[in-house]
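*Asks:* Residue numbers (our numbering), protein chains in the order written: chain A, 1 to 474; chain B, 475 to 948.
Think of the CB as a built atom: it goes at the ideal place given N, C-alpha and C, for glycine as much as any other residue.
So that we are looking at the same thing, I have put the structure below in structure tokens.
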């Protein structure tokens, strides 16, 4: 910090003193004399040294803060921003989030945009029995208004399911929700105020981003690496912004398919604690794991109660149930209950009772095993077709779970162009731009294979190969 | 306006000229010299007359506008506010909305706080058949993800239902929602931004108010009269604020039970058009009408497409279905679809299909007639018990529909006190303060009789009489 005290201020100069000082510090930072996260001298010391009013120093520091060259932490002082200006993410505050493919109802198309398994795999017979049992047992009572948190016997069953993944909790922490998306929406209602900051993965799932943005939040994107968020950047950003929470998926992330390493999971929890923020972990696909490795949701490691865990049953059971669960820190129980009320009063008591019966009578494991096996078969089929038709021209990770591949196209081929061209060949893919907050052109496409026959997978990937070759020739 | 030109400004005075002018106009208004809605002289004329810069006049008018003593209408000028200052409603921007009674699970209490009919009245057998048929017909397909607007054959059935109440619309205007509360929540998501103003009835339903407030809206309460909102006040307020919409219930309003007269319905629509705003009409009870008078929802009169109509099926069918409908102006279709997606993706396709089957096979009328008859019987029972035990001491309207009475207590008896005392007697009532935005003490209680036996109604009202007499003695 020696350099700062060598700055010369000129009281005769037209430029205000605070501006002279700020400009000089700015130059020192840009020239690399003041390292990232180093502390600027205290206001009083500066005022004394330069023989100026302390307001001048405060104003200079404020100016630098607005320029995002420094950040301040209450009670500890002002520090040099760790990021070169051009790398500071500009929070995104608005985007029309749209679903892709819903308007594309091309007859007989090979549709790689759906993330469900075929409905022949849904446990319909077991649920039919469950519906009958519930109606015979409770008659109209099954359709009454009910406790906003959910049907207690169901919450007991859900605790048992959670325990099988190492998440230990009790009924009073479990909120029944009408699907994961509603969970995201309700948590946003409770935690977000206009102008708040939320961190999301880059790329991220548009449904969640849409819910955050609709509450007036500003989103900051943290780049994903192969094993989770870039933790260095995450900490840099945590110094600049105070997010209300960090939204992430620990397993088979949408859209990239990546899963977090144990190391990054621990680091993420550590950072959430250090910077006093929360994490929303959305989990749609953890049951679809195709390797022998144990599944450890972030929530299972969450000893400090920093994680709000949101689980969808749309993938492992069936979407039409519209049911899911959230595990909540005690602090927000009451607020979530109230938000649930103004959202939809409660989740259907009939469906809740049927799910309770289903879980109690059938358990999870057998059905989950079937779904997993089926998904795994499709995964292997997709990989083998990809190797055959597109592997030379594209890159993709091996998620070893879930129902999607995230495919990087050859340089120079935009995903939107590619997807339009594929659509002409009757194949629907999702372009990566759907998962980018500013909708910028992207070189990735998402290919979801869970709902297609082996033949369709084969033909679809063959056509991708054809189109790629054709575009590469140009 | 002669008086304004007699104002004397003193350029030697310390008080700025604009302030002198504003103060003088303020005095003229307060003293009644400038009638409500009269136009202030144009800026240029004023500047000329007083020999000052036009900025001075603009500043004076702005100052008066901030004080809400005048209002301006773009292109037409500045007008004297129609309201004495003390009567201008201060918008309410925050309240913890809570449900009452949910925490009161007193065993064997006589609970006058529920607005459902007994679940023995629910059409469970017909729905059991519907569930079976749907599952046999569509198997797992019944549980797939589906069109965000809703199952089209169901929307066709809903159009038919709407037509029976004079609402003519087509499938593309009908959005399926997971209950009326979700409809309110989604419309708020689409139409409200932080700081927007919404008009509500005074008193109003806390569930809706909670949804508006949670989006950062400010609420202005328009007093209810026996036949609907006070239309003079409504227009006065419309001159002062530009609400995004007006929230109301045309029939058996919650909590007062009042219904709008035809005259007020027409006036409301006229004002919405004149002041370019929308109306959200929530309809939970119009099927429960006990007189011969025809039911004409506001939406049935809505030739200018100013009304968003939200219908709950929780009362006429059963709450546990979590299903309802919204009729939307074309302008907001796309935005509602997107908001529905970020709210819960879609309403359960299984339940939608079952409801479609039910409506197609059973129609509405027979079941509605049964529900109406039942409600009407309870209504008459309640009135006769009220006449017997409390009519000398209290006042209440005769809603001739719905399942609640709104009872005014004798002067000097607060509703909170009364409800606590009743609770000791094992009777649960809802105090009027629940429906007031600022939670102020109120002299009303709401008594809902739909879910109680004749005996319980008799005993409950007898105890009310006892407690009233006891409190009046003090």
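To which residues of the same chain is residue 498 of chain B closer than 7 Å at the C-beta, ignoring the five residues directly before and after it?
*Replies:* Counting from one through the second chain, the residue named residue 498 of chain B turns up at place 24. Non-local C-beta neighbours of residue 498 of chain B in its own chain, meaning closer than 7 Å and more than five positions away in sequence, comprise 481, ordered along the chain.
*Asks:* Please go through the same chain and pick out, in chain order, the residues whose beta-carbon is closer than 8 Å to the beta-carbon of residue 306 of chain A, but skip the five residues on each side of it.
*Replies:* Counting from one through the first chain, the residue named residue 306 of chain A turns up at place 306. For residue 306 of chain A, where only same-chain residues beyond five positions count, the Cβ hits under 8 Å are 269, 272, 273, 277, 278, 279, 329.
*Asks:* In this structure, how does DSSP classify residue 194 of chain A when only helix, strand and coil are distinguished?
*Replies:* Within the first chain, numbered from 1, the residue matching residue 194 of chain A stands at position 194. Residue 194 of chain A: coil per DSSP, three-state reduction.
*Asks:* Got a sec: is the Cβ-Cβ distance from residue 754 of chain B to anything in chain A below 8 Å?
*Replies:* Your numbering for residue 754 of chain B matches position 280 in the second chain. No, residue 754 of chain B does not count as interfacial toward chain A.
*Asks:* Only counting the same chain, and skipping five residues up and downstream in sequence, which positions put a Cβ closer than 7 Å to that of residue 798 of chain B?
*Replies:* Translated into the one-based positions of the second chain, residue 798 of chain B becomes position 324. Contacts found: 651, 653, 654, 657, 784, 785, 786, 787.
*Asks:* How many Å lie between residue 247 of chain A and residue 281 of chain A at the Cα?
*Replies:* For the purposes of this step, residue 247 of chain A is taken as the residue at position 247 of the first chain. For the purposes of this step, residue 281 of chain A is taken as the residue at position 281 of the first chain. Rounded to the nearest angstrom, the two C-alpha atoms are 6 Å apart.
*Asks:* Using a Cβ-Cβ cut-off of 8 Å, state whether residue 817 of chain B counts as contacting chain A.
*Replies:* As a first step, residue 817 of chain B must be located in the second chain, where it is residue number 343. Yes, residue 817 of chain B lies at the interface with chain A (some Cβ there is under 8 Å from its Cβ).
*Asks:* I'd like the ranges of any beta strand (DSSP E) spanning at least 3 consecutive residues and lying wholly in the segment 210-292 of chain A.
*Replies:* 218-225, 245-248, 278-283
*Asks:* Taking the beta strand (DSSP E) that residue 310 of chain A falls in, what are its first and last residues?
*Replies:* Reading the first chain from its first residue, position 310 is the one you call residue 310 of chain A. Residues 307-312.
*Asks:* Below 6 Å CB to CB, which residues in the same chain sit around residue 240 of chain A once its five sequence neighbours on both sides are set aside?
*Replies:* Locating residue 240 of chain A in the first chain gives position 240, where the first residue counts as 1. Answer for residue 240 of chain A: 71, listed in chain order.
*Asks:* Is there a C-beta anywhere in chain B that falls below 8 Å from the one on residue 321 of chain A?
*Replies:* By 1-based counting over the first chain, the position of residue 321 of chain A is 321. Residue 321 of chain A counts as touching chain B.
*Asks:* Per DSSP, which one or two residues make a beta bridge with residue 835 of chain B?
*Replies:* Residue 835 of chain B sits at position 361 when you count from the first residue of the second chain. DSSP, once it has assigned bridges, lists no residue as partnering residue 835 of chain B.
*Asks:* Using 8 Å as the Cβ pair cut-off and three pairs as the minimum, do the segment 637-652 of chain B and the segment 763-781 of chain B touch?
*Replies:* yes
*Asks:* Determine the direct distance from the alpha carbon of residue 917 of chain B to that of residue 907 of chain B, and round the result to whole angstroms.
*Replies:* The sequence position of residue 907 of chain B within the second chain is 433, counting from 1. The sequence position of residue 917 of chain B within the second chain is 443, counting from 1. Going from the Cα of residue 907 of chain B to the Cα of residue 917 of chain B covers about 8 Å.
*Asks:* As an exercise, report each continuous alpha helix (DSSP H) stretch of at least 4 residues that is fully enclosed by the segment 849-899 of chain B, in chain order.
*Replies:* 889-898
*Asks:* Am I right that residue 659 of chain B and residue 817 of chain B are in contact with their C-beta atoms under 8 Å? What's the rounded C-beta distance?
*Replies:* Position 185 of the second chain, counted from the first residue, corresponds to residue 659 of chain B. Position 343 of the second chain, counted from the first residue, corresponds to residue 817 of chain B. With 8 Å as the limit, residue 659 of chain B and residue 817 of chain B qualify as a contact, their Cβ atoms being about 7 Å apart.
*Asks:* When Cβ atoms are compared, which residues of the segment 773-802 of chain B fall closer than 7 Å to chain A?
*Replies:* 792, 793, 794, 795, 796
*Asks:* Quick check on DSSP: helix, strand or coil for residue 127 of chain A?
*Replies:* Locating residue 127 of chain A in the first chain gives position 127, where the first residue counts as 1. Residue 127 of chain A: helix per DSSP, three-state reduction.
*Asks:* Relative to the alpha-carbon of residue 423 of chain A, which residue among A:460, A:405, A:397 has its alpha-carbon at the smallest distance?
*Replies:* Along the first chain, one-based indexing puts residue 423 of chain A at 423. Ranking A:460, A:405, A:397 by Cα distance to residue 423 of chain A puts A:460 first.
*Asks:* At what residues does the alpha helix (DSSP H) containing residue 339 of chain A begin and finish?
*Replies:* Translated into positions along the first chain, residue 339 of chain A becomes position 339. 333-344 is the span of the alpha helix (DSSP H), which, as asked, contains residue 339 of chain A.
*Asks:* I need the straight-line Cα distance from residue 446 of chain A to residue 429 of chain A, nearest angstrom please.
*Replies:* Locating residue 446 of chain A in the first chain gives position 446, counting from the first residue. Locating residue 429 of chain A in the first chain gives position 429, counting from the first residue. Answer to the nearest angstrom: the Cα atoms are 6 Å apart.
*Asks:* Counting pairs of Cβ atoms below 8 Å between the segment 368-378 of chain A and the segment 74-83 of chain A, do you hit three or more?
*Replies:* Taking a contact to require three or more Cβ pairs closer than 8 Å, the segment 368-378 of chain A and the segment 74-83 of chain A do not qualify as touching.
*Asks:* Evaluate contact between the segment 383-390 of chain A and the segment 188-199 of chain A, counting only Cβ atoms and requiring at least three cross-stretch pairs below 8 Å.
*Replies:* no
*Asks:* With a threshold of 16 other CB atoms inside 10 Å of the CB of residue 319 of chain A, please say whether the residue is buried or exposed.
*Replies:* As a working note, residue 319 of chain A is residue 319 in the first chain. With 16 or more Cβ atoms within 10 Å of its Cβ, residue 319 of chain A is classed as buried.
*Asks:* Below 8 Å on the Cβ atoms is my guess for residue 695 of chain B versus residue 727 of chain B; work out the distance and round it to an integer in Å.
*Replies:* Position 221 of the second chain, counting from 1, holds the residue named residue 695 of chain B. Position 253 of the second chain, counting from 1, holds the residue named residue 727 of chain B. Contact flag wrong, Cβ pair sits at about 13 Å.
*Asks:* Less than 8 Å between CB atoms is the rule here; does residue 842 of chain B satisfy it with respect to chain A?
*Replies:* Residue numbering aside, residue 842 of chain B sits at position 368 when the second chain is read from its first letter. So no, residue 842 of chain B is outside the interface.
*Asks:* Please classify residue 801 of chain B: does DSSP put it in a helix, a strand, or coil?
*Replies:* For this step, residue 801 of chain B is matched to residue 327 along the second chain. Three-state DSSP puts residue 801 of chain B in a strand.
*Asks:* On a CA-only basis, which of A:284, A:142, A:413, A:452 is nearest residue 473 of chain A? Give me that one, please.
*Replies:* Position 473 of the first chain, counting from 1, holds the residue named residue 473 of chain A. Comparing Cα-Cα distances from residue 473 of chain A to each of A:284, A:142, A:413, A:452, the minimum goes to A:413.
*Asks:* Could you tell me the alpha carbon to alpha carbon distance between residue 485 of chain B and residue 523 of chain B, rounded to whole angstroms?
*Replies:* Counting from one through the second chain, the residue named residue 485 of chain B turns up at place 11. Counting from one through the second chain, the residue named residue 523 of chain B turns up at place 49. Answer to the nearest angstrom: the Cα atoms are 14 Å apart.
*Asks:* Can you tell me the Cα-Cα spacing of residue 698 of chain B and residue 677 of chain B, whole angstroms?
*Replies:* What you label residue 698 of chain B is simply residue 224 of the second chain in a count that begins at 1. What you label residue 677 of chain B is simply residue 203 of the second chain in a count that begins at 1. The alpha-carbon atoms of residue 698 of chain B and residue 677 of chain B are separated by roughly 7 Å.
*Asks:* Given that a residue counts as buried once 16 or more other Cβ atoms are within 10 Å of its Cβ, and exposed if not, what is residue 706 of chain B?
*Replies:* For the purposes of this step, residue 706 of chain B is identified with residue 232 of the second chain, where counting begins at 1. It is exposed - the Cβ of residue 706 of chain B has fewer than 16 other Cβ atoms within 10 Å.
*Asks:* Cα separation between residue 360 of chain A and residue 234 of chain A?
*Replies:* Your numbering for residue 360 of chain A matches position 360 in the first chain. Your numbering for residue 234 of chain A matches position 234 in the first chain. If you take the alpha carbons of residue 360 of chain A and residue 234 of chain A, they lie about 42 Å apart.
*Asks:* Which residue wins for smallest C-alpha separation from residue 478 of chain B, given the options B:487, B:515, B:505, B:493?
*Replies:* Here residue 478 of chain B corresponds to residue number 4 of the second chain, with the count starting at 1. Residue B:515 is the option with its Cα nearest to residue 478 of chain B.
*Asks:* Tell me the DSSP secondary structure of residue 443 of chain A in three-state form.
*Replies:* Translated into the one-based positions of the first chain, residue 443 of chain A becomes position 443. Three-state DSSP puts residue 443 of chain A in coil, outside helix and strand.
*Asks:* If we cut at 8 Å on Cβ distances, does residue 129 of chain A have a partner in chain B?
*Replies:* To locate residue 129 of chain A, count along the first chain from 1; it is residue 129. It does not: the Cβ of residue 129 of chain A has no partner Cβ on chain B nearer than 8 Å.
*Asks:* So which residues on chain B does residue 182 of chain A lean against when the C-beta distance must stay under 7 Å?
*Replies:* Taking the first chain and counting its residues from 1, one reaches residue 182 of chain A at position 182. By Cβ distance, chain B contributes 817, 818.
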